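Asker: Following this message is one structure expressed as structure tokens.
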Amino acid sequence: MNLGLLLRFENLVQLRGACRQLRALSSRKVCGAQWKPVQSPAHPMGSLLLHPHLWPKDRLISAALSQCRYLATKEETKKKKKKIPLTRGEVEIRPMMTVEELAQAMGKDIDHIYEALLYTDVNLDSVEPDSILQEDHIKMIVQKSGMKYKSAKLKEEKERKNTDAPHFCCNYRPPPDPAVLTPRPPVVTILGHVDHGKTTLLDSLRKTQVASMEAGGITQHIGAFLVHMPSGEKITFLDTPGHAAFSAMRARGTNVTDIVILVVAAEDGVMEQTIESIEHAKNAGVPLILAINKCDKPEADPERVKKELLAHDVVCEEFGGDVQAVNISALKGENLMVLAEATVALAEMLELKADATGLVEGTVIESRKDKGKGPLTTAIIQRGTLKKGCVLVAGKTWAKVRFLFDENGKAVDAASPGIPVEIMGWKEAPSAGDEILEVESEQRAQEVVDWRTYVEQQEKLKKDLEVIEAKQKEHRLEYKKKQQELAHLTWRQRKAVLYKANKHLMFSRPKERTEKDENTLSLIVKGDVDGSLEAILNILDTYDCEDECKLDIVYFGMGDITENDISLAEAFNGVIFGFSVKANNSIKKLADKKGIKIKLHNVIYKLIDDLKDELNCRLPTAVVETTIGEASVLDTFSVTVGKNKIPVAGCRVHKGLLDRKMKFKLIRNRDVIWKGCLSSLKHHKDDVQVIKTGMDCGLSLDKDLEFNIGDEIICYEEKEVQQTTSWEPGF
């Protein structure tokens, strides 16, 4: 075989590869082993010699040709074209990945992701480890890191079946059969302005002393009571707070009521919460009865009250309307039976009936946590008969009823429609206003709670995505604006400028990032019942002075102060505010030891005043200037001290005095052109400390500044004054 055969091959690279393989074979030490001949299916050849060192030159070339033919077969070429999937340097990505998830998928730390984001339009100040990244940003980060990405196969999530409890408002539970309806007691809500005598009225009807036990003499909870009238009728009364802070409680009271008794003091007339109560009744579509209280006072004027109410579409019967008006004195018990009879008469006209059979429905009026009994709720039953052992669902919690109590704390066996009852057995305290529904079993109750939790999570996720998309859109517009400003630069120059501009943000994001030392008041809020806590949080929602001091509610909940609250306050350098709760001696000692403030109150407006004082303490002090004396420049001259000429002003004090220890300012044409201290103050040739009104003096400043005749010299004192917050909660 000669070298001319080599020209028949088009690919010399394959020949070289074959020769390299052949040389590798010939370099092996083979002792007594026999090699099999290598043949090409397309071009069969004879057997090769057993020992490579004995092969002649032409046989070596022939073997090379055979190897080339062998490598070039169609079957082996197909195998070579198959790409081996990448295992190293490949990242599996999916939509909606967070910063932390991407870092884990890449095998990098979070700081690496932040650094890659410097090249994008993402605002690093708004990026947290749990922040969701856009898909194009995810791909860019992977590519910048020298890796390849592939999309993960997403499992199609099946649509989750609705497992909520059926109820009448959604047409899942059928309406009651008219044949089984029985009369029920009316639910009457007492509304009105604070201190107009609502609770005193209820005391007189119940012959109790609830008002005397109220903190500060005002009601701060919803009270649900069953009152037995002398005629034998039963009326369920709801006593709501009149203070401005408890608007949500009053609204909740009207949503479960049949009749509203509007209490107005005869000497005060229509007030702010009176108008609000009228609006709540109108919104709920509930009829009104007007009770004009404190008619025993000399300054009482019931007719003025009726006329004032005309402006709010409350027309009494004597003016041609349908609202009954009764003049009463709750304190002396005058005309209370007339008011009760008017209520019973209106209830009969409404023909109030309910189904006492079947599954229970009701509404949570109030909820609280008791140390011995656990979570408790005050509820009004609206359908069915509640008994021990019933399984109830309210909000995102459930209960197996262990005990039922009336308003006096006495255990009862059952509660029928229209009857207020306290329920024991909840896993967690539900929120006031939640609907109570009975279900078949504990397993069914858990299914309902799981479904409601899932729905809430989905809604929250949807809202979060909307906020994220809005922020990203805003940042993208800013990024495009920056890109337009840098349009004259090359691509590499633009990236370099953006990287340098954002690089300082990396230093504010270490692995364990600590918040900047900002002027922030952290709060832990504890309340006795859910309604009180709701009222406090609603007030805190009105805080609008973030530029002065930030308000951060770290935690809120029901129950007495615990060690966990102390630990939270210590971690966040916060203050604990408690409303109608207690802190035992061991908790107080622990708080004193750790320097934690615990502020306990029983009256809501005192709690808010204390909170405002705490906010004031967090505000920086303001420097206030107090003028001590004023002088006018009558002449100017200079004196030589060493080699320097120092300007001197000849002045006369026309108000107060000049004290060399104080600060001075020079005013020219009503503009302050200098502030500082005096270098000298003389009367004639003597150095003096003080120059009084009417005296002449010469003075020089601590700065080389020329004086003009007519300049004003003001002597003043700087005092630090504590600032006060401009927040007004509205009462």
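In the UniProt record's numbering, the protein residues as written are 1 to 731. Built from N, CA and C at the ideal position, the CB exists for glycine as well. Since the structure is predicted, the reported quantities are computational estimates derived from the model, not experimental observations.
#1: Which residues in the same chain as isoleucine 275 place their Cβ atom closer than 8 Å to its Cβ, once the five residues preceding and following it in sequence are excluded?
#2: Terminal residues of the continuous alpha helix (DSSP H) containing cysteine 617?
#3: Give, in chain order, every unbroken run of the alpha helix (DSSP H) that is at least 4 residues long and sits entirely within the segment 545 to 578.
#4: What would DSSP say about methionine 97, mapped onto helix, strand or coil?
#5: What residue range does the alpha helix (DSSP H) around valine 305 cover?
#6: Taking buried to mean at least 16 other C-beta atoms within 10 Å of its own C-beta, is histidine 684 buried or exposed?
#7: From Met695, Ile714 and Leu392, pick the residue whose C-alpha is nearest to that of arginine 670; which is it?
#8: Spatial neighbours of arginine 618 within its chain, please: CB distance less than 7 Å, with the 5 preceding and 5 following residues excluded, ordered by chain position.
#9: Straight-line CA distance for glutamine 446 to tryptophan 398?
#10: Determine the direct distance from the alpha carbon of glycine 698 to that of aspartate 687, and round the result to whole angstroms.
#11: Drop a sphere of 10 angstroms on the beta-carbon of arginine 402, count the other beta-carbons inside from all chains shown, and report buried for 16 or more, exposed for fewer.
#12: Any idea which residues DSSP pairs proline 647 with across the strands?
#13: Round the Cβ separation of leucine 339 and aspartate 258 to the nearest angstrom and send it over; I've been treating them as touching at under 8 Å.
#14: Can you have a look at glutamine 689 and say buried or exposed, based on whether 16 or more other CB atoms are within 10 angstroms of its CB?
#15: From Ser700, Ile235, Pro620 and Thr363, pick the residue whose C-alpha is nearest to that of leucine 386; which is it?
#16: Assuming the contact rule is C-beta atoms closer than 8 Å, isoleucine 553 and isoleucine 596 should be a hit. Round their C-beta distance to whole Å, please.
#17: Starting from serine 680, follow its DSSP beta bridges and name the residues at the other end.
#18: Let's test the definition: count the other Cβ atoms within 10 Å of the Cβ of leucine 634 and tell me whether it reaches 16, buried, or not, exposed.
#19: Is leucine 290 helix, strand or coil when you go by DSSP?
#20: On the premise that valine 412 lies in contact with valine 448, defined as a C-beta separation below 8 Å, what is that separation, rounded to the nearest angstrom?
#21: Is there contact here, the segment 175 to 194 with the segment 342 to 358, by at least three beta-carbon pairs under 8 Å?
#22: Please identify the residue among Leu181, Gly89 and His196 whose C-alpha is closest to the C-alpha of serine 145.
#23: Nearest CA to the CA of serine 416: which residue from Ala583, Lys371 and Asp355?
#24: Tell me which residues share the same chain as methionine 229 and place their Cβ nearer than 8 Å to its Cβ, disregarding the 5 neighbours each side in the sequence.
#25: Grab me the residues of lysine 81's own chain with a C-beta within less than 6 Å of its C-beta, minus the 5 sequence neighbours each way, in chain order.
#26: What do you get for proline 302, buried or exposed, if any count of 16 or more other CB atoms within 10 angstroms of its CB means buried?
#27: Roughly how many angstroms lie between the CA atoms of isoleucine 328 and leucine 191, to the nearest whole one?
#28: Between isoleucine 110 and the rest of its own chain, which residues show a CB-CB distance below 7 Å, the 5 nearest in sequence each way excluded?
#29: For proline 174, is the classification buried or exposed, using 16 other Cβ atoms within 10 angstroms of its Cβ as the cut-off for buried?
Answerer: Taking the coordinates as given:
#1: Within the same chain, isoleucine 275 has close Cβ partners His312.
#2: From DSSP, the alpha helix (DSSP H) with cysteine 617 extends over 604 to 618.
#3: Scanning the segment 545 to 578 for uninterrupted alpha helix (DSSP H) segments of 4 residues or longer gives 563 to 572, listed from N- to C-terminal end.
#4: Of the three classes helix, strand and coil, the one that applies to methionine 97 here is coil, per DSSP.
#5: 302 to 310 is the span of the alpha helix (DSSP H), which, as asked, contains valine 305.
#6: Of the other Cβ atoms in all chains shown, fewer than 16 fall within 10 Å of the Cβ of histidine 684; this residue is therefore exposed.
#7: Nearest option by C-alpha distance: Ile714.
#8: Residues Asn519, Leu521 and Cys549 of the same chain have their beta carbon placed closer than 7 Å to that of arginine 618, with the five preceding and five following residues left out of the count.
#9: The alpha-carbon atoms of glutamine 446 and tryptophan 398 are separated by roughly 7 Å.
#10: Using only the alpha carbons, I get a separation of about 10 Å.
#11: Exposed: under 16 other Cβ atoms inside 10 Å.
#12: Per DSSP, Ser638.
#13: Contact between leucine 339 and aspartate 258 is absent: CB atoms are separated by about 16 Å, not below the 8 Å threshold.
#14: By the 10 Å Cβ count, glutamine 689 comes out exposed.
#15: The shortest Cα separation from leucine 386 among Ser700, Ile235, Pro620 and Thr363 belongs to Thr363.
#16: Isoleucine 553 to isoleucine 596, Cβ: 16 Å. No contact.
#17: Beta-bridge pairing links serine 680 to Ser700.
#18: Under this definition leucine 634 is an exposed residue.
#19: Residue state for leucine 290 is assigned as strand, using DSSP reduced to three classes.
#20: At roughly 26 Å, the Cβ-Cβ gap does not stay under 8 Å, so valine 448 and valine 412 are not in contact.
#21: Cβ pair count under 8 Å is three or more, so yes.
#22: Selected option, being the one with the closest Cα: Gly89.
#23: Ranking Ala583, Lys371 and Asp355 by CA distance to the CA of serine 416 puts Asp355 first.
#24: Around methionine 229, the same chain offers Ile235, Ala340 and Val344 as residues with beta carbons nearer than 8 Å, after the five sequence neighbours per side are excluded.
#25: Caution applies to lysine 81, whose pLDDT of 37 falls short of 50 and renders its modelled position unreliable; the value that the coordinates give is listed next. By the criterion of a C-beta distance shorter than 6 Å, lysine 81 is surrounded by no residue of its chain, once the five residues flanking it on both sides are discounted.
#26: By the C-beta density criterion, proline 302 is buried, having at least 16 other C-beta atoms within 10 angstroms.
#27: Each residue's Cα considered, the two are about 15 Å apart.
#28: The residues are Val99, Glu100, Ala103, Pro129 and Lys511.
#29: So proline 174 ends up on the exposed side.
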